[in-house]
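Student:
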Amino acid sequence: MVGRIIETESDVAEGAAWLAAVEPRFARALELTGPLPLRRRADGFATLFSAIVSQQVSTASAAAIWARLEAAGATEPIGLAALSDELLRGCGLSRQKIAYARAIAGGGLDFAALRALPTEEVVAELVRVKGVGVWTAEIYAMFSLGRADVFAPGDLALRDAARVLFQIETRPSESDLRAMSLAWSPWRAVAARLLWAYYRVMNQREGVR
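Below, the structure is given as structure tokens:
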């Protein structure tokens, strides 16, 4: 079962209202953040590649690297294949990420078919490709497929925001935050948006692209 799809800002607002009703801390956070962003993106190779670019770098660095890749015409498989590893490194990609990008381009993923799969199967299908971890797959399901009930507890910004908002002494582990997020179903993707927005308020910088 695919479940609820987030298509519009009103969908996000519906989820935010539900979260505020069931969790007073979320209600207080919303007072600080204001309306939450939609954060929907097109699905397909470019968006998955962009998530790979964003792994383990700041949002500013990821945006700069992506801009250079766009200028080089390397954000689609044909353009990527046309560039040497040396030129891709010049855009800011590490050797490892170059290998991952080429693996995705040649991985035979049927991006259109992913739209009809349950989220668990989407994640399983994506992580079979070299370089695509669970975080990347969950971010893709959230932003590109619009799944309302998916979370990405491996994200450091989410874990930091949860630590402060829920007054946890130390940053929760990925498994602990995944367990916490079950209480936010069926709007876990909106809870993620709220925690990222709270992170932005806390730190005066974005925690996710």
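Using this note's numbering, the first residue of the sequence shown is number 29, and each one after it goes up by one. C-beta: ideal position from N, C-alpha, C; glycine also. No experiment lies behind these values; they were computed from the predicted model shown.
#1: Where G161 and V155 are concerned, what is the direct C-alpha to C-alpha distance, given to the nearest angstrom?
#2: DSSP puts R175 in a beta bridge; with which residues?
#3: Note down, in chain order, each residue of its chain lying with its Cβ closer than 7 Å to the Cβ of P105, except the 5 sequence neighbours on either side.
#4: How big is the Cα-Cα spacing for R187 and Y227?
#5: Within a Cβ cutoff of 7 Å, which residues of the same chain sit near R221, ignoring the five residues on either side of it in sequence?
#6: Would the region 196–209 count as touching the region 174–183 if we require 3 or more Cβ pairs under 8 Å?
#7: Would you call A110 buried or exposed, if buried means 16 or more other Cβ atoms sit within 10 Å of its Cβ?
#8: Residue ranges of each alpha helix (DSSP H) run of no fewer than 4 residues wholly in the region 80–118, ordered along the chain?
#9: Just to confirm, is the Cβ distance from A102 to L108 under 8 Å?
#10: Check this for me: beta carbons of A44 and L58, under 8 Å apart or not?
Tutor: Judging by the given coordinates:
#1: For the purposes of this step, residue 161 is taken as residue 133 along the sequence shown, with counting starting at 1. For the purposes of this step, residue 155 is taken as residue 127 along the sequence shown, with counting starting at 1. Taking the straight line from one Cα to the other gives about 5 Å.
#2: Start at 1 with the first residue of the sequence shown, and residue 175 comes out as number 147. Residue pairing by DSSP puts R175 in a beta bridge opposite I33.
#3: On the sequence shown, position 77 is the one that residue 105 refers to. So the qualifying residues of the chain are F73 and A133.
#4: Position 159 of the sequence shown, counted from the first residue, corresponds to residue 187. Position 199 of the sequence shown, counted from the first residue, corresponds to residue 227. So the alpha carbons of these two residues sit roughly 10 Å apart.
#5: Taking the sequence shown and counting its residues from 1, the one referred to as residue 221 is at position 193. These residues qualify, in order along the chain: V40, L64, P65 and R67.
#6: Touching, per the Cβ criterion.
#7: Along the sequence shown, read from residue 1 onward, the residue named residue 110 stands at position 82. Under this definition A110 is an exposed residue.
#8: As far as the region 80–118 is concerned, its whole alpha helix (DSSP H) runs of at least 4 residues are 87–99, 105–110 and 113–118.
#9: Taking the sequence shown and counting its residues from 1, the one referred to as residue 102 is at position 74. Taking the sequence shown and counting its residues from 1, the one referred to as residue 108 is at position 80. Closer than 8 Å, so yes.
#10: Position 16 of the sequence shown holds residue 44. Position 30 of the sequence shown holds residue 58. It is a contact, given that the beta carbons lie within the stated cut-off.
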